[in-house]
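For the sequence shown, the working numbering begins at 126 and goes up steadily by one.
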Amino acid sequence: LVRYQYFKHIWNQNKLTLEKLNNNKIELAKLRDTLEFQRREKEILANQKLKEKEELNRTEKEKRELISILKRDQKMITAEIAAKRRAEIVVKNLIARLIEEERQSKIKRLELKKENNKANKKLPQLFDYSSLQSFASLKGALGWPIREGRVIRPFGENKNERLNTVTLNYGIDISASSNSFVQAVAEGFVSAIDWIPGYGSIVILTHKDDFRTVYGHVTNITVKEGDRIKAGSTIGQVNESLEGKILHFEIWNERNYQNPELWLARR
């Protein structure tokens, strides 16, 4: 009996020891799982922080690049605005020169007329503006200088929101599709073809009633000074500018610039 009690005690002790070992094993496994979970959590957090840092660095780089582009664009826009301001002065002076040349031509013609009347000689033929259709009568009915396009800068004051500047547009700027042809809005004579920084190649037509039309950013010009052309005749194509294919168009009556949108037919 004593021996039985002894073995029973040993068995119970072994059983308790085994249970403790199993419990310790379970606890150890749980602890190992917890540590592994924490390790993974830390690894995930570390990766997230690394990604956030990389994203922040990339964002900062993109921001710096964008600021650099904006500054470069701002300089280009500022330079273009300055060039257009100078171009408007050149156009204004060119119009004034054409008017003065026309006035001097009329004076000279009158003088020649007096002399030739005495000698019974014929006067050399000048531009016969009287044979042209009245330009003034076409107000609101003029054909557009390009078949398709929309006005992106209207006549008068235009504010640049980015630079907070105001510029005066003597005409209108019309966006054009590729290979757009420039057409005369009314019949007239080609009185000047020139190149002006800011507007590129320009063509000026003189019409009846002391009106003139100016076409800027023109390439592949098909007319020459002195040509008489009809309304709708092609004078060239719209050239490429910093903003794309943009036609600059003006209407002048003597030395006064007009709002082209009041003269062009509604589309």
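Positions of the beta carbon are idealized from the N, C-alpha and C atoms, including for glycine. Quick caveat, the model's predicted, so the values are computed rather than measured.
Check: Would the region 356-368 and the region 380-390 be scored as touching if the rule is three or more Cβ pairs under 8 Å?; Outcome: no
Check: Around the Cβ of residue 131, are there at least 16 other Cβ atoms within 10 angstroms (buried) or fewer (exposed)?; Outcome: exposed
Check: Classify residue 393 as buried or exposed, calling it buried when 16 or more other Cβ atoms lie within 10 Å of its own Cβ.; Outcome: No answer is possible for residue 393: the residues shown for the chain start at 126 and end at 392.
Check: Give the DSSP-derived three-state secondary structure of residue 275 in the structure shown.; Outcome: strand
Check: From the DSSP secondary-structure annotation, give me the bridge partner or partners of residue 283.; Outcome: 292
Check: Mind checking residue 338: buried by the 16 CB within 10 Å criterion, or exposed?; Outcome: buried
Check: Measure the alpha-carbon distance for residue 272 versus residue 296 and round it to whole angstroms.; Outcome: 18 Å
Check: If you follow the alpha helix (DSSP H) that residue 388 is part of, which residue opens it and which one closes it?; Outcome: 385-388
Check: Ordered along the chain, which non-local residues of its own chain (more than five positions away) have a Cβ less than 6 Å from that of residue 305?; Outcome: 271 and 363
Check: Let me check understanding here. Comparing Cα to Cα, which of 315, 329 and 314 lies closest to residue 321?; Outcome: 329
Check: If you check the beta carbons only, do residue 316 and residue 223 fall under 8 Å apart?; Outcome: yes
Check: Quick one, which of 139, 293 and 335 has its alpha-carbon nearest residue 206's?; Outcome: 293
Check: Around the C-beta of residue 342, are 16 or more other C-beta atoms found within 10 angstroms, so that it is buried, or is it exposed?; Outcome: buried
Check: Residue 202 and residue 285: beta carbons closer than 8 Å?; Outcome: yes
Check: Based on Cα-Cα distance, which residue from 144, 380 and 255 lies nearest to residue 225?; Outcome: 380
Check: Note down the Cα distance separating residue 360 from residue 227, rounded to an integer number of angstroms.; Outcome: 23 Å
Check: Give the secondary structure of residue 257 by DSSP, where H, G and I count as helix, E and B as strand, and everything else as coil.; Outcome: coil
Check: Where does residue 373 land, buried or exposed, given buried means 16+ other C-beta within 10 angstroms?; Outcome: buried
Check: Using the C-alpha atoms, what's the distance from residue 234 back to residue 386?; Outcome: 36 Å
Check: Which residue wins for smallest C-alpha separation from residue 369, given the options 312, 277, 350 and 331?; Outcome: 277
Check: Quick check on residue 185: does DSSP put it in helix, strand or coil?; Outcome: helix
Check: According to the neighbour-count rule (16 or more other Cβ atoms, all chains shown, within 10 Å of its Cβ), is residue 371 buried or exposed?; Outcome: buried
Check: Taking the straight line between their C-alpha atoms, what separation do you get for residue 265 and residue 377?; Outcome: 15 Å
Check: Would you give the residue range spanned by the beta strand (DSSP E) that residue 378 belongs to?; Outcome: 369-378
Check: Measuring CB to CB, does residue 333 end up less than 8 Å from residue 258?; Outcome: yes
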